[in-house]
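Just add 3 to the spot in the sequence shown (first one is 1) and you have the working numbering.
Glycine included, every Cβ here is placed at the ideal spot set by N, Cα and C.
Computed from a predicted model, the values in this text were never measured in an experiment.
Structure, as structure tokens:
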Amino acid sequence: MTQTHLPFVSGKLLRDLGMETALYHANARHNEWAERALDAVLVYVAMHRDEEFMTEDVREFAYDVLAVPYPPHDRAWGSVVASAARKGLIERVRFAPVKAVSSHMANASVWRAVRP
Numbered sequence: 004m005t006q007t008h009l010p011f012v013s014g015k016l017l018r019d020l021g022m023e024t025a026l027y028h029a030n031a032r033h034n035e036w037a038e039r040a041l042d043a044v045l046v047y048v049a050m051h052r053d054e055e056f057m058t059e060d061v062r063e064f065a066y067d068v069l070a071v072p073y074p075p076h077d078r079a080w081g082s083v084v085a086s087a088a089r090k091g092l093i094e095r096v097r098f099a100p101v102k103a104v105s106s107h108m109a110n111a112s113v114w115r116a117v118r119p
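So this is what it looks like as structure tokens:
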């Protein structure tokens, strides 16, 4: 198998484009989805101030408790959580395997709230 080499494209760029594409589709399907999802992160963090968490914990809370609609793909949450980190609301603590069986124990970020 031959893979095309694009020297001007980085993994970071492709990651960011993928997250933004997923976020765009979520907002196209559900008006203001990103804002509702970020609000869910803020509420979750406020309720779990001293706990470490993963994005999948926030997603479950958002869907089950706050009735945030499901985006076309869960990758949209990556952009939302990255935004919360850039705003200084949360910080990465470490990496750990995700709980979802469908993820085959892939590693993902573990987060915690940043103290004001």
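In this structure, the straight-line span from the alpha carbon of residue 98 to that of residue 51 is close to 19 angstroms.
Using a C-beta cut-off of 8 angstroms, the stretch 75-84 makes contact with the stretch 39-59, since at least three inter-stretch Cβ pairs fall below that distance.
If one requires a minimum length of 4 residues, the alpha helix (DSSP H) runs lying completely within the stretch 22-88 are 36-50 and 58-67, in chain order. Residue pairing by DSSP places residue 11 opposite no residue, since no beta bridge is assigned to it. Judged by DSSP in its simplified three-state form, residue 104 adopts helix.
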